[in-house]
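Colleague:
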Amino acid sequence: MLREDLQYITTEYLRDTNQISVRTANCCISEGLDNFHKILLFFEENGSFFRKKIKNAGRKSCEELDALCLNIIPNIEKEEKHLFFEIAEVKSVIKELNELEREILFSILALIENMEKDIRKRAYILSNNNEDIFNYAFNFCIKNGYFPMFGVFRMYLNLDENRDTKMAIEVLPIFQDSESAKLDEVAERYEISRERARQICNIDFCRTFEISSEVIEQKKNGCFLKYSELLQSKTNWDYILDMLKGIDVVSRETYELQNCLKKEQNTLSFEFVAQIIAYVFRDIFTIYGSRFNNTNKGENWKSTLLIRKAFTDIFDFDKMREEFE
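Just so you know, the sequence shown maps onto residues 6 to 330 in our numbering.
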């Protein structure tokens, strides 16, 4: 792994994979060290987390962070040395090429450069002028050939300081392993009525996944507009269809989806991910058992499922749900 690749390993991911403790992760995030690259840079600049402690970090947290960095440095140095020899080898090969071969090579390089410019432009639009999102989306796409849309959506949510978004995150099962807060508690904390809290979380936010003309008009001036816009670019989400090709029923155990989310270091819940897929590809999939759907499809289902419309248009899966659960 190269040094710059560490920026894609979030501090949350280090926490969720038990590489650092929850307390250590919270200390890092509060200090602005929200990815592995920033943590390593802090370590290298100061020599140790004991020499310059981050706020609220005790002895155990400093030990964890020092060990984390010391373990990765030999791997980075090995990769950098290997890359140096590869570059030298490429230069040697170029010297041996004739004029025509060099022209072909430079034409290929120009094509790659143009593709990179196009990716950069699309990543800029996707990032909504946020540098962290841009760097994450651009570098991931260069390496994998597509934008990590679930990862981008996660970053949008984590960076959103809007009150209504924070409330929705607390009440709805948007992130993995999160406990939904009660509307009464949230309403009291934000000093609004319970009914207003319910409307914000269960109606306004969930309308992100509706397409009626009335709802579309309401979205234009709403604080959740950017999330709706993120879902409109179907081209950016097409990699999901390639991933789910040949799969008729998608559940939280579907390996292909699990592998995709892991690659994007995603911390969104399966239920939320499934609702996104159902909205973007509403002509292909029907969702059952979702709290983000304002219809009654989620009421009688114990778990969330995505089923291809080729089947849901023929069979009544609400009546057949016992066979799936």
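Built from N, CA and C at the ideal position, the CB exists for glycine as well. Computed from a predicted model, the values in this text were never measured in an experiment.
Mapping the DSSP letters down to three states, classify GLU40 as helix, strand or coil.
Modeller: Your numbering for residue 40 matches position 35 in the sequence shown. Note that residue 40 is Asn in the sequence shown, not Glu. Of the three classes helix, strand and coil, the one that applies to ASN40 here is strand, per DSSP.
Colleague: Closest by CA to THR213, which one among ARG199, SER198, LYS268 and LEU230?
Modeller: If you number the sequence shown from 1, residue 213 lands on position 208. Closest option to THR213, Cα to Cα, is LEU230.
Colleague: Would CYS74 and PHE55 qualify as a contact pair, given that the criterion is a beta-carbon distance under 7 Å?
Modeller: As a first step, residue 74 must be located in the sequence shown, where it is residue number 69. As a first step, residue 55 must be located in the sequence shown, where it is residue number 50. With respect to the 7 Å criterion, CYS74 and PHE55 are not classified as neighbours on the basis of their beta carbons.
Colleague: Shorter than 6 Å, the distance from the beta carbon of PHE111 to the closest heavy atom of the ligand ZN, or not?
Modeller: Of the ligands one can find in the structure shown there are none, so the ligand ZN has no counterpart to examine.
Colleague: Please give me, in chain order, every unbroken run of the alpha helix (DSSP H) with length at least 4 that falls completely inside the stretch 142-209.
Modeller: 154-164, 168-176, 188-194 and 199-203
Colleague: I'd like the list of long-range same chain contacts for SER26, defined as Cβ closer than 6 Å, with 5 residues on each side in sequence excluded.
Modeller: Along the sequence shown, one-based indexing puts residue 26 at 21. Within its own chain, no residue has a Cβ closer than 6 Å to the Cβ of SER26 once the five positions on either side in sequence are excluded.
Colleague: Reducing DSSP to helix, strand and coil, say where ARG64 ends up.
Modeller: As a position in the sequence shown, residue 64 is number 59, starting the count at 1. DSSP places ARG64 within a helical segment (H, G or I) once states are collapsed to three.
Colleague: How should PRO79 be labelled, buried or exposed, when 16 other C-beta atoms within 10 angstroms of its C-beta is the threshold for buried?
Modeller: Along the sequence shown, read from residue 1 onward, the residue named residue 79 stands at position 74. Exposed: under 16 other Cβ atoms inside 10 Å.
Colleague: By how many angstroms is the C-alpha of ASN241 removed from the C-alpha of ASN144?
Modeller: Sequence index remark: in the sequence shown, residue 144 carries index 139 (1-based). Sequence index remark: in the sequence shown, residue 241 carries index 236 (1-based). Going from the Cα of ASN144 to the Cα of ASN241 covers about 15 Å.
Colleague: Between LEU110 and GLU121, what straight-line distance do the alpha-carbon atoms span, to the nearest angstrom?
Modeller: For the purposes of this step, residue 110 is taken as the residue at position 105 of the sequence shown. For the purposes of this step, residue 121 is taken as the residue at position 116 of the sequence shown. If I take the Cα positions, the gap works out to 17 Å.
Colleague: Starting from PHE316, trace the alpha helix (DSSP H) in both directions and tell me its first and last residue.
Modeller: On the sequence shown, position 311 is the one that residue 316 refers to. Looking at the DSSP string, the run of the alpha helix (DSSP H) that includes PHE316 is 314-317.
Colleague: Identify the continuous alpha helix (DSSP H) that holds THR29 and give its terminal residues.
Modeller: Your numbering for residue 29 matches position 24 in the sequence shown. Per DSSP, THR29 belongs to the alpha helix (DSSP H) from 27-35.
Colleague: Taking Cβ to Cβ, would you say ALA279 is nearer than 7 Å to THR317?
Modeller: Walking along the sequence shown from the start, residue 279 turns up at place 274. Walking along the sequence shown from the start, residue 317 turns up at place 312. Result no, Cβ atoms of ALA279 and THR317 do not sit closer than 7 Å.
Colleague: Give the list of continuous alpha helix (DSSP H) stretches no shorter than 4 residues that lie fully inside the stretch 235-267.
Modeller: 239-248
Colleague: So, using beta-carbon positions, are ASP165 and ILE205 closer together than 7 Å?
Modeller: For the purposes of this step, residue 165 is identified with residue 160 of the sequence shown, where counting begins at 1. For the purposes of this step, residue 205 is identified with residue 200 of the sequence shown, where counting begins at 1. Taking 7 Å as the Cβ cut-off, ASP165 and ILE205 do not qualify as a contacting pair.
Colleague: Measure from the alpha carbon of LEU131 to the alpha carbon of each residue in GLY150, SER112, VAL285 and MET154, then state which is nearest.
Modeller: Numbered from 1 along the sequence shown, position 126 holds the residue referred to as residue 131. The candidate whose alpha carbon is nearest that of LEU131 is MET154.
Colleague: Taking the alpha carbon of PHE152 as the point to measure from, which residue in GLU118, GLU269, ASN23 and LEU11 has its own alpha carbon closest?
Modeller: Taking the sequence shown and counting its residues from 1, the one referred to as residue 152 is at position 147. The shortest C-alpha separation from PHE152 is found at GLU269.
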